Amino acid sequence: PERCFSFSVEGLPNVVPEDINKRRRGHPNRICSTRFTPLTWLPKSLFVQFQRAANIYFVIVSVLTCFPWSPTPWPNSVFPFALVLLWTALKDLYEDMRRRRDDDAENMRLCWRYDFAARRFARTRWDEVLCGDVLLSLQDESFPADMAIIGAHQGQAFISTANLDGESNLKERRAADLCSAMLESTDRVVEAGKSASSEVQERNKTAEAAVQFLLSQGLEASFEAPRVGPAEMRGRMCLKTPGLEVQEALRVLEMPQACAVTAENFVPRGCILRNTAWLVSVVAYAGHDTQAWLSLPQVKAKISNLQVNLNCCVKGLVIALVIFCFYCAIMAQVQNDKMASDFIEDFCTYWVILYQIVPIGLYVGFEVMKLVLGFQINFDKSMVDEKTKQAAMARTADLVEEMGQVRYVFSDKTGTLTQNEMRFARCFIGNKDFGEFRLDVAMRQMRGASKCCTPGTFSSSSGTSLGEVTPEDAVGLTSSKSAAANDGVSGIEEVGAPAAAEVKRILLDENDPLCSDTRRFFLCLAVCHDAQVEHKGGEPVFTGSSPDEVAFLEFAHDIGVSLLCRKAASGGTSGTLLQFNGPLGRQEIAVLCVAPFSSERKRMTVLCEYCGDYIVFTKGADSVMGPLCDPGVLQGPAGAQLEYYARQGLRTLVIAWKALDKSSATELRRSYDAARNAMDDRETKLEEWAARVEHSLTFLGISAIEDRLQQGVPEAICMLREMGTLVWVLTGDKTETAVEISRSCGLVDDDMALVGLLGAKSPEDAKKMLGDAEARGTSDCALVLDGASAKYILADSWSRKTLHDLSAASAACICCRLAPQQKRGLIELAREFDPGRITLAIGDGANDVSMIQGAHVGVAVRGKEGCQAVQACDVAVSQFRFLVLLLHCHGRRAYRRISVFLLYYIYKHVVLAAGSMCWANESSFDGNVSYPEWVSSAYSVFITALPVIVVLGIDQDVPDKTALAHPELYAEGLDHVHFNSGVFATWMFRGCWHGALAWMVPSLALGAADASIDEVGGTFWVCSITAFTLVVVLVNGMLWIVALNRFSWATLGVLALSFFAYFLTLLVLGHTPLGDLMQGKMAGAPLAMLETGGALASLCLTPLVLLLDFGALWVAVFLKPTPLDKLRWRRRRQSLARVRPTTP
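Mapping of the sequence shown onto UniProt numbering: position 1071 corresponds to residue 1071, and the numbering continues sequentially without gaps.
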């Protein structure tokens, strides 16, 4: 709810509503991320588990076994099922205990809270902080809640938000304008600090004096209800009882006694105070109302296609079970002359006998198998980044097999394909291109390695290259310093630096006609930003939310326009003072108003006061800057230069300015302050203010920066294409830049034609473009789409279908000028019209989160734009090139392993059920079991569960190096070779065949049909144990056949362990007192089996049937080998050739 805090010097603040501090038993700031309490753990865990249909199935079976007519004792099914439920519940408890431990560590942290009675700050725990408390934060301390700043050292504070959004650059925050003005109007705060005897006392006394002064003026703070997003934090501050001194100060500053509190006045929980001695703030939102908690991603869980197919298969098995139970119940009525009222009892009886046709441990084993494969991704040393030492991280293992079936790869460009490490490359000022600023490129040009070319015109349908620069030139092979060092050149002038030296000369030569424009151009780069500067070792270090801004500041520093410091302006305003060194020496410029950059505006504007003049500087994308500048300015030489830079793969910005008279600037500043302090429609009023400023601008020039490709990107793109995936590049950048980067990374070949769907102005225009492209055809072409056309195409069903068909036929797709939601829209397009195919999205920034969440598999590249993408992804990597290892090695193997695991797991239970079906017919449907109940339970949980996880979990087909040399191996996942209806039917037939054979051979050999089931250790139980032994032999033998590493120690060892567990089970149940209690009728049967000739003959001869399966597998491989089969054959022949002795 909305909240209001009224302060006075007389006591505690008045908090409205009062209940906000009564939450969590009077500890509203206590963080609790646990799901359970000791009392609710088991009930809640079971409730969640019973949301799964399979568990409902097993609980029904467990209930049925409790009836007197049940053919099996209830512990036989209840105990294994309870064990599965308990395992999951204990896993939930373990995870919850870890969360509780982390919560306690967070809640027990200490902070400084103002004691209203003692009038000083005292240490307190984070979980004891209340809404309305006044806290003191010191340098390098974290904030315990979301707080509104009321005072800070030197009027401003810098915070690190890395814990919230992952961004490493510092953010500037200020006290509310009203509080800043009040503190500047009095000398009490400064005088209090001077009376201290130490730095610590000075800091505390200064902060305490600031708080006491603000409270004495009757400060009242109100805040809106908490909303997601730091930009949505809003409030209001006012004075109820201001003194005469304060009233006079506010009158002089023309400031009202109330002001708005905006996002720049808040500090979020978990962020850290940097480069600021102290900060005083009021707790606005605590605990679960803070941004750190509200921003936790609430994403709908993704379900893999293989799991969807598995659910369909399980439904099919249940339907088959129902049909067979109906058959048995009807036959029992016919053959045994039962009454019609016994039909339901007979039906349920066979349901209990055959319920294990749906494996009780299937989903548990499924999760364990995926967990093993997820660990393999996390510990793969080949995907560890050399610079950061960070490995790949599978944030969820639920989708690991999806990565082996990816058909569509949707990739962001900046920071994903490129390094997001910007270099200032070129600039165009006053119709003059200054040439190359990159040392390595400049040196190659000087030596004739690069050719000069006149800017041309972009053609969307030509098959020729769009630029004259080679991929090496476009991306730069080495850094500036290393390039100079490697070529024996030191210093920018020694390179010939026609560019840098010429700029320096013009900046210092006031007689040069370009001097004024050049100074304004670089002054704009030095002031139109929100970056910070620190000095380390005498050199400035720039940090900012955008690498572009850092590149601008670094280059401006190199040519002599260097930002020195950034500090808050006095007078309680939102202005900023920037000090910098320029051609005229050390100077100061006041940034009075700012219209910040956003993905919608695509530009940034500042209103400055410089040397008594008022100047507006604007920089932004050419698509939005053209209408704001002089008409036609971007149609002439400037437009040609923009296209020329874009063809080299450079990112461009247009720089513009205009001068204002003092009265206009004063009016604009007054309206800006009014808009900032508006209580309602603040954003709308700020947009209206920006529209009043951003017009009739004078074109200054164009900046061009280079974002180099990451290492290994061209090879990775080539590999992805050879694997059979269709790669889309989705970016917000210019069309020409996106195309050139696509050429550089190998997505678009030099001789590949481009089919453009660009610049549609209406739905009809978009349809005409699609029709023309359809008539022309897109085979072996690259499809180029921009945001303007995508807007209309995605809104029309026919256009969507046509776009999908064109993209599916094309060799590559390049989509530019896209908004984040348009990126997701294109992914949803692929999923809609190709539902059987897997999509993967990979990006690095907050603008990629929507597409990462919209794809089947979301991959994040750890980058320089925060950790939002990592927080939303399924797998995180540090370089784009690791995507190949992720898909072709881990994903491809995971698809085969999971597929075979599911098929085998269901198969081994069908084998068991088939014997019971045969016995039902043999026994005239009398409702008796065929196998000992406790042996059947051990079969599922102890005997056969572990081998399949071990054998398939570590199965290695070919080494990674070999696999990467054969991209055709990936086709198995794209063609669904290992899991489809035909393969599933084959495995089910094999299960029925093996199960029937395992029962019928010993049954016929020993005469089980004529034996009594009530005879302890008699012929029937000898036959039953013999048949069960054959079941274990056949299913383990089948696992050995499908294993790729059949003779590895792990495979042979775990199979031996399975047999040991089985015979140990027989020994316990057949020859111990415990066995007499649990399975009394089979007493002595295991040893009797070894003494019976018919049983021994069955055990020796029946497993030979596996030779037929082994032979059938080889025939299938011989007649229709997969690429993996062919490769393994070649490797086997080469291995034999190496070990075969040579003839002398």
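A virtual CB, placed ideally from N, CA and C, is assigned to each residue, including glycine.
All of these numbers come straight from a predicted model, not from anything done at the bench.
Taking every protein chain shown into account, the CB of M97 has fewer than 16 other CB atoms within 10 angstroms, so this residue is exposed. The beta carbon of L354 sits closer than 8 Å to the beta carbons of L321, F324, C325, A913, S916, M917 from its chain, once the five residues preceding and following it are set aside; these are given in chain order. Along the length of the stretch 210-251, whole beta strand (DSSP E) runs at least 3 residues long occupy 219-223, 235-239, reported in chain order. Of the residues assessed, R52 falls on the exposed side of the cut-off, its CB having fewer than 16 other CB atoms within 10 angstroms. V252 counts as exposed, since fewer than 16 other C-beta atoms from the protein chains shown sit within 10 angstroms of its C-beta. For L362, the closest of N581, L903, L1119 by C-alpha to C-alpha distance is L903. Looking at the DSSP output, P540 shares a beta bridge with H535. Secondary structure at S878: coil, using DSSP grouped into helix, strand and coil.
Under DSSP, the beta-bridge partners assigned to F5 are V15, A221. W934 places its beta carbon less than 9 Å from that of T1065. Within 10 angstroms of the beta-carbon of C608 lie 16 or more other beta-carbons, which makes it buried.
A638 sits away from N305, with the two beta carbons spaced by 9 Å or more. Less than 9 Å separates the beta-carbon of T34 from that of R100. As a beta-bridge residue in DSSP terms, I149 pairs with S281. Separation of F213 and T388 (C-alpha to C-alpha, rounded to the nearest whole angstrom) is 48 Å.
By the Cβ neighbour-count rule, P28 is buried, with 16 or more other Cβ atoms within 10 Å of its own. Note on N336: under 16 other CB atoms within 10 angstroms of its CB, so exposed under the neighbour-count rule. The C-alpha of A122 is placed about 44 Å away from the C-alpha of E687. Residue G132 holds the alpha-carbon nearest to the alpha-carbon of L215 among T962, G132, V228. Inside the stretch 746-795, DSSP marks whole alpha helix (DSSP H) runs of 4 or more residues at positions 763-776, 787-793, from first to last along the chain. The DSSP-derived three-state label of D512 is coil.
Exposure of T666 is indicated by the presence of fewer than 16 other C-beta atoms within 10 angstroms of its C-beta.
If you look at I303, you'll find it isn't in any beta strand (DSSP E); DSSP assigns it neither H nor E. Residue pairing for G701: DSSP places it in a beta bridge opposite I429, I655.
When I149, Q257, A260, V409 are compared, the shortest CA-CA separation from A207 is found for I149.
One Cα belongs to G374, the other to D960, and the distance between them is close to 17 Å. Going by C-alpha positions, A145 is about 28 Å away from G863. The beta carbons of F81 and S62 sit closer together than 9 Å.
Within the stretch 552-576, no run of alpha helix (DSSP H) at least 4 residues long lies entirely inside it. Comparing alpha carbon positions, the residue from R721, R708, D103, N921 closest to T414 is R708. Burial check for S1135: the Cβ neighbour count within 10 Å stays below 16, so the residue is exposed.
Counted as a single uninterrupted DSSP element, the beta strand (DSSP E) harbouring A812 occupies residues 812-816. Distance from the CA of A621 to the CA of L642, rounded to the nearest whole angstrom, comes to 11 Å. Going by DSSP, K44 is part of the alpha helix (DSSP H) stretching over 41-49.
The stretch 602-617 makes contact with the stretch 585-594, as at least three CB pairs between them are under 8 Å.
For Q641, the uninterrupted alpha helix (DSSP H) run begins and ends at 637-647, by DSSP.
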